[in-house]
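Trainee: In this note's numbering, the protein residues as written are 4 to 474.
Heads up, the beta-carbon is just placed ideally off N, CA and C, and yes, glycines get one too.
Below you will find the structure I want to go over with you.
This is the structure:
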């Protein structure tokens, strides 16, 4: 039976070439838009998910309260990590990233600057997941004056990634290359080009003091069941080490924790190294994607019901020959699904062709490798089923309701039964479209205002954030 329904669906589509083409084009545009928005949403939700221990890694941020101001930095003091590990059994390991500033690399006549080099603790590769191309992650940054390069920096400096044991000269120091890792994924809240052992720094810079802010600090806490309770316990660090320094100036602060996968979409604080996303945009684009699919489905419904007179005699003959209504409903929904699958295949071709422009527009790095992502596969199947069933549901129930005695006498289908609903669908379709156009214009106008507004100061002078709060 199912085989017969498939044959009938393809014959109907083949017979009505013009109608089928219009439907396929309309569905293709809607599905393509939905896929692009789905790719954006999934990419935003994928940040830092590649770290195997990501759910147990927390970034330390500091909310500072002054006499007339309150703000939050995404950094802590240099001694914070070692002290917390020593005092609290919940913390199994800590990792700090200390910015090296703009670093000058020199090799013979080759000279170039890089401002994404950080000194870090040797546990960095135990806590975070970075793919090593060469070298041993367990010992790569254990010794002083050792360095791990990303693929990009290794090729820029040496022209190759097989560079173990070679040296890098920078800031008057010679570092031995002990490892090369794959470039940090773009869907990471924190990126770098190279890491040096924290033991390479001078003792003063390595140990720091409790008045010196400016260190990105992460805690690995696999046994942390209640982050809020642990945050409250961290007040003991402030009372013991920081209060004697800051209270005399009317300054106090609290340490808070951010779970690693939440940082990209839920962090809008001073000192973040890379641009952040916003969970609100994920919700907005998800709703927009749903509206686009609904518009495409409504368009298909209206076209199908508008030509109901042409299908009425077919329905009448099928019922006279013994077809049940449920069979007719299945037939029309299957036709809708076949058209949707054809539109989906065309949409995938269109998406792959336009993907580079999409990446350039949104500064993304989505590749065809995403096609193997289970969440994307599930989402694409959901789009096909949603559009196919939703678009075909009303025509299926409406067409299958025709009375054979009436349509075979040439009186046609009842025109009053579906007029109100069809007009309502058209109104809904145009209402959604107009609303989306107005919202798009408002967002564009607001962005233009933000770009052109005189801020009253020179951003090039005021860029960055102070790394030293108090000595």
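So, helix, strand or coil for residue 420, using DSSP?
Mentor: Translated into positions along the chain shown, residue 420 becomes position 417. Because residue 420 carries a pLDDT of 45, less than 50, the predicted location of this residue cannot be relied on, and no value is offered for it.
Trainee: Between which two residues does the beta strand (DSSP E) holding residue 106 run?
Mentor: The residue labelled residue 106 in the question sits at position 103 within the chain shown. Per DSSP, residue 106 belongs to the beta strand (DSSP E) from 106-110.
Trainee: Starting from residue 134, follow the alpha helix (DSSP H) in both directions and report where the run begins and ends.
Mentor: Position 131 of the chain shown, counting from 1, holds the residue named residue 134. It is not in any alpha helix (DSSP H) - residue 134 carries neither H nor E in the DSSP assignment.
Trainee: Short of 6 Å in beta carbon distance, which residues of its chain neighbour residue 115, apart from the five on each side in sequence? Order them along the chain.
Mentor: Residue 115 sits at position 112 when you count from the first residue of the chain shown. Only 108 meet the Cβ criterion.
Trainee: Taking Cβ positions, are residue 279 and residue 266 nearer each other than 9 Å?
Mentor: Numbered from its first residue, the chain shown carries residue 279 at position 276. Numbered from its first residue, the chain shown carries residue 266 at position 263. Against a cut-off of 9 Å, the Cβ pair of residue 266 and residue 279 comes out as a contact.
Trainee: Going by DSSP, what residue range makes up the alpha helix (DSSP H) through residue 475?
Mentor: Nothing about residue 475 can be read from this structure; the chain reaches only from 4 to 474.
Trainee: Tell whether a beta-carbon distance below 9 Å holds between residue 67 and residue 81.
Mentor: What you label residue 67 is simply residue 64 of the chain shown in a count that begins at 1. What you label residue 81 is simply residue 78 of the chain shown in a count that begins at 1. Cβ atoms of residue 67 and residue 81: not closer than 9 Å.
Trainee: What residue does the beta strand (DSSP E) around residue 244 start on, and which one ends it?
Mentor: Start at 1 with the first residue of the chain shown, and residue 244 comes out as number 241. That residue, residue 244, is in no beta strand (DSSP E); it is neither H nor E in DSSP.
Trainee: Closer than 8 Å is the cut-off here; do at least three beta carbon pairs connect the region 12-27 with the region 40-48?
Mentor: Short answer: they don't touch.
Trainee: In chain order, what residues of the same chain lie with their CB nearer than 6 Å to the CB of residue 128, ignoring the 5 residues before and after it?
Mentor: Residue mapping note: residue 128 aligns to position 125 of the chain shown, counting from 1. Correct list, in chain order: 140.
Trainee: Taking 8 Å as the limit between beta carbons, can you name the residues of its chain near residue 20, skipping five residues before and five after?
Mentor: As a position in the chain shown, residue 20 is number 17, starting the count at 1. Taken in chain order, the list of residues that qualify is empty.
Trainee: Using C-beta distances below 6 Å, list every residue in its chain close to residue 157, excluding the 5 sequence neighbours before and after it, in chain order.
Mentor: Locating residue 157 in the chain shown gives position 154, counting from the first residue. Hits under 6 Å: 164, 166 and 183.
Trainee: Contact defined as beta carbons within less than 8 Å: I believe residue 259 pairs with residue 9. What is the distance between those atoms, to the nearest angstrom?
Mentor: If you number the chain shown from 1, residue 259 lands on position 256. If you number the chain shown from 1, residue 9 lands on position 6. Actually they do not touch by this definition, with Cβ atoms about 58 Å apart.
Trainee: Quick check on the DSSP output: what are the complete alpha helix (DSSP H) runs of length 4 or more inside the region 181-212, in order along the chain?
Mentor: 206-210, all fully within the region 181-212.
Trainee: May I ask which residues mark the beginning and end of the alpha helix (DSSP H) holding residue 73?
Mentor: Your numbering for residue 73 matches position 70 in the chain shown. That residue, residue 73, is in no alpha helix (DSSP H); its beta strand (DSSP E) goes 73-76.
Trainee: Compute the Euclidean distance between the alpha carbons of residue 144 and residue 247, then round it to the nearest angstrom.
Mentor: As a first step, residue 144 is located in the chain shown; it is residue number 141 there, counting from the start. As a first step, residue 247 is located in the chain shown; it is residue number 244 there, counting from the start. Using only the alpha carbons, I get a separation of about 35 Å.
Trainee: Could you name the residues that DSSP lists as bridge partners for residue 259?
Mentor: Numbered from its first residue, the chain shown carries residue 259 at position 256. Partner(s): 64.
Trainee: Using beta-carbon positions only, say whether residue 106 and residue 173 come within less than 9 Å of one another.
Mentor: For this step, residue 106 is matched to residue 103 along the chain shown. For this step, residue 173 is matched to residue 170 along the chain shown. Contact flag set, yes.
Trainee: Using a Cβ-Cβ cut-off of 6 Å (strictly less than) and excluding sequence neighbours within five positions of residue 285, which residues of its own chain qualify?
Mentor: Here residue 285 refers to the residue found at position 282 of the chain shown. 44 and 47, listed in sequence order.
Trainee: Please list the terminal residues of the continuous beta strand (DSSP E) segment that includes residue 114.
Mentor: Taking the chain shown and counting its residues from 1, one reaches residue 114 at position 111. Per DSSP, residue 114 belongs to the beta strand (DSSP E) from 113-117.
Trainee: Looking only at its chain, what residues have a beta carbon closer than 8 Å to the beta carbon of residue 435, apart from the 5 residues adjacent to it on each side?
Mentor: Translated into positions along the chain shown, residue 435 becomes position 432. Taken in chain order, the residues that qualify are 294, 297 and 298.
Trainee: According to DSSP, what are the bridge partners of residue 152?
Mentor: What you label residue 152 is simply residue 149 of the chain shown in a count that begins at 1. Paired residues: 183 and 197.
Trainee: Going by beta carbon distance, what residues of the same chain come within less than 7 Å of residue 23, once the five residues before and after it are set aside?
Mentor: Indexing the chain shown from 1 puts residue 23 at position 20. These residues qualify, in order along the chain: 16 and 342.
Trainee: On the three-state DSSP scale, how would you describe residue 51?
Mentor: Along the chain shown, one-based indexing puts residue 51 at 48. Coil, per DSSP.
Trainee: Look at residue 223 and residue 59 and say whether their C-beta atoms are less than 9 Å apart.
Mentor: Along the chain shown, one-based indexing puts residue 223 at 220. Along the chain shown, one-based indexing puts residue 59 at 56. Yes, these two residues count as a Cβ contact at 9 Å.
Trainee: What is the DSSP secondary structure of residue 172, reduced to helix, strand or coil?
Mentor: As a first step, residue 172 is located in the chain shown; it is residue number 169 there, counting from the start. Note: residue 172 maps to strand in three-state DSSP.
Trainee: Considering just the uninterrupted stretch of the beta strand (DSSP E) at residue 81, what are its terminal residues?
Mentor: Walking along the chain shown from the start, residue 81 turns up at place 78. No beta strand (DSSP E) holds residue 81; DSSP gives it neither H nor E.
Trainee: Grab me the residues of residue 289's own chain with a C-beta within less than 8 Å of its C-beta, minus the 5 sequence neighbours each way, in chain order.
Mentor: The residue you call residue 289 lines up with position 286 of the chain shown. Closer than 8 Å at the Cβ level, and outside the excluded window around residue 289, lie 40 and 44.
Trainee: In angstroms with no decimal places, state the Cα-to-Cα distance between residue 257 and residue 90.
Mentor: For the purposes of this step, residue 257 is identified with residue 254 of the chain shown, where counting begins at 1. For the purposes of this step, residue 90 is identified with residue 87 of the chain shown, where counting begins at 1. One C-alpha to the other measures close to 17 Å.
Trainee: Can you tell me whether residue 208 is buried or exposed, with buried defined as 16 or more other CB within 10 angstroms of its CB?
Mentor: Mapped onto the chain shown, residue 208 falls at position 205. The residue is exposed, with fewer than 16 neighbouring Cβ atoms inside 10 Å.
Trainee: If you follow the beta strand (DSSP E) that residue 101 is part of, which residue opens it and which one closes it?
Mentor: Taking the first residue of the chain shown as position 1, residue 101 is located at position 98. Element bounds for residue 101: 96-102.
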